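Undergrad:
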Amino acid sequence: MKEKARIMDERGISRAISRISHEIIEKNKGVDNVVIIGIRRRGVPLAERIARKVQEVEGRNLPLGVLDITLYRDDLSNIASQPVVHKTEIPFDITGKKVVLVDDVLFTGRTVRAALDALIDLGRPQMIQLAVLIDRGHRELPIRADYVGKNVPTSRNEVIKVKLREVDDEDCVVIYDRN
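First residue of the sequence shown: 1, per UniProt numbering; consecutive thereafter.
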């Protein structure tokens, strides 16, 4: 794949996290009864960053969880013959909570659908809100994000890669061309 454009740098990602965090606080009129859950892999460090920013603003820690959706995916057979399943780590009850689900890129909506199925197996939240760093369009399911860092219209020939220092040793968002 060929790099086409860098659309966010470290400062851009930081500003988006800050904006999303403030929007979460505003929409929920504070953070009472709010928990944050990152979808494994890059949704987790984003969720951690949002939780830190909310803590800076509100002076309260949000309960933070990690969700692995591997076994809930509808494309599991396309991923690998022996998919690697990681641990879901949600050390609190989500029943009756306002869950903010965090992921890096919203594309077809299938990852979020799998995450919703996984969450519902864990309890019955009062509501589930979705925060994503990038919304690139091309939805196949009727799913939309409540909080978006950046809307990036793309073609199907393009791939968006979010790189985060916790996973990739750098912070940026890059568009690649498959051709």
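Idealized CB from N, CA, C, for every residue including glycine.
These numbers come from a predicted model, not from an experiment.
Evaluate the contact criterion for the stretch 153-165 versus the stretch 118-126: three or more CB pairs, one atom per stretch, below 8 Å.
TA: Touching, no.
Undergrad: With Asp121 as the anchor, note down where its beta strand (DSSP E) starts and where it stops.
TA: Position 121 of the sequence shown holds residue 121. It is not in any beta strand (DSSP E) - Asp121 instead sits in the alpha helix (DSSP H) that spans 110-122.
Undergrad: With 16 other CB atoms within 10 Å as the buried threshold, where does Asp177 fall?
TA: Taking the first residue of the sequence shown as position 1, residue 177 is located at position 177. With fewer than 16 Cβ atoms within 10 Å of its Cβ, Asp177 is classed as exposed.
Undergrad: Verify whether the separation of the beta carbon atoms of Met8 and Val173 is less than 8 Å.
TA: Taking the first residue of the sequence shown as position 1, residue 8 is located at position 8. Taking the first residue of the sequence shown as position 1, residue 173 is located at position 173. Yes, these two residues count as a Cβ contact at 8 Å.
Undergrad: With three or more C-beta pairs closer than 8 Å as the rule, is the stretch 95-106 touching the stretch 131-142?
TA: Flag = yes, the stretch 131-142 and the stretch 95-106 touch.
Undergrad: For chain C, check one thing: does any of its Cβ atoms lie closer than 8 Å to the Cβ of Leu106?
TA: Of the protein chains in the structure, only one exists, and it is not chain C.
Undergrad: Using alpha carbons as the reference points, say which of Arg40, Ile36, Ala114, Val102 lies closest to Asp93.
TA: For the purposes of this step, residue 93 is taken as residue 93 along the sequence shown, with counting starting at 1. Residue Ile36 is the option with its Cα nearest to Asp93.
Undergrad: Starting from the C-beta of Ile39, find all residues in its chain whose C-beta is less than 7 Å away, skip the five residues before and the five after it, and write them out in chain order.
TA: The residue given as residue 39 occupies position 39 in the sequence shown. These residues qualify, in order along the chain: Leu67, Ile69, Leu101, Val102, Asp103, Thr111, Ala115.
Undergrad: So, under 8 Å CB-CB, Ser21 and Val57 are touching, yes? Tell me the CB distance rounded to an integer number of Å.
TA: Sequence index remark: in the sequence shown, residue 21 carries index 21 (1-based). Sequence index remark: in the sequence shown, residue 57 carries index 57 (1-based). With a Cβ gap of about 7 Å, Ser21 and Val57 count as contacting.
Undergrad: Enumerate in chain order the residues of its own chain whose CB-to-CB distance from Ser18 is below 8 Å, with the five nearest sequence positions on each side excluded.
TA: For the purposes of this step, residue 18 is taken as the residue at position 18 of the sequence shown. Lys53, listed in sequence order.
Undergrad: Based on the DSSP output, what are the partners of Lys150 in its beta bridges?
TA: Position 150 of the sequence shown holds residue 150. Paired residues: Ile134.
Undergrad: Roughly how many whole angstroms lie between the Cα atoms of Ile160 and Asn33?
TA: As a position in the sequence shown, residue 160 is number 160, starting the count at 1. As a position in the sequence shown, residue 33 is number 33, starting the count at 1. Answer to the nearest angstrom: the Cα atoms are 33 Å apart.
Undergrad: Taking 8 Å as the cut-off, decide whether the C-beta atoms of Lys98 and Asn179 are in contact.
TA: Position 98 of the sequence shown holds residue 98. Position 179 of the sequence shown holds residue 179. Not closer than 8 Å, so no.
Undergrad: In the DSSP assignment, find the beta strand (DSSP E) that holds Leu101 and state where it starts and stops.
TA: Residue 101 sits at position 101 when you count from the first residue of the sequence shown. It spans 98-106 - the beta strand (DSSP E) in which Leu101 sits, taken as one unbroken run.
Undergrad: Using the rule of at least 16 other Cβ atoms within 10 Å of the residue's Cβ for burial, across every protein chain shown, is Asp171 buried or exposed?
TA: Along the sequence shown, one-based indexing puts residue 171 at 171. With 16 or more Cβ atoms within 10 Å of its Cβ, Asp171 is classed as buried.
Undergrad: Judging by CA-CA distance, which residue of Val162, Leu64, Arg15 is the nearest neighbour of Ala5?
TA: By 1-based counting over the sequence shown, the position of residue 5 is 5. Selected option, being the one with the closest Cα: Val162.
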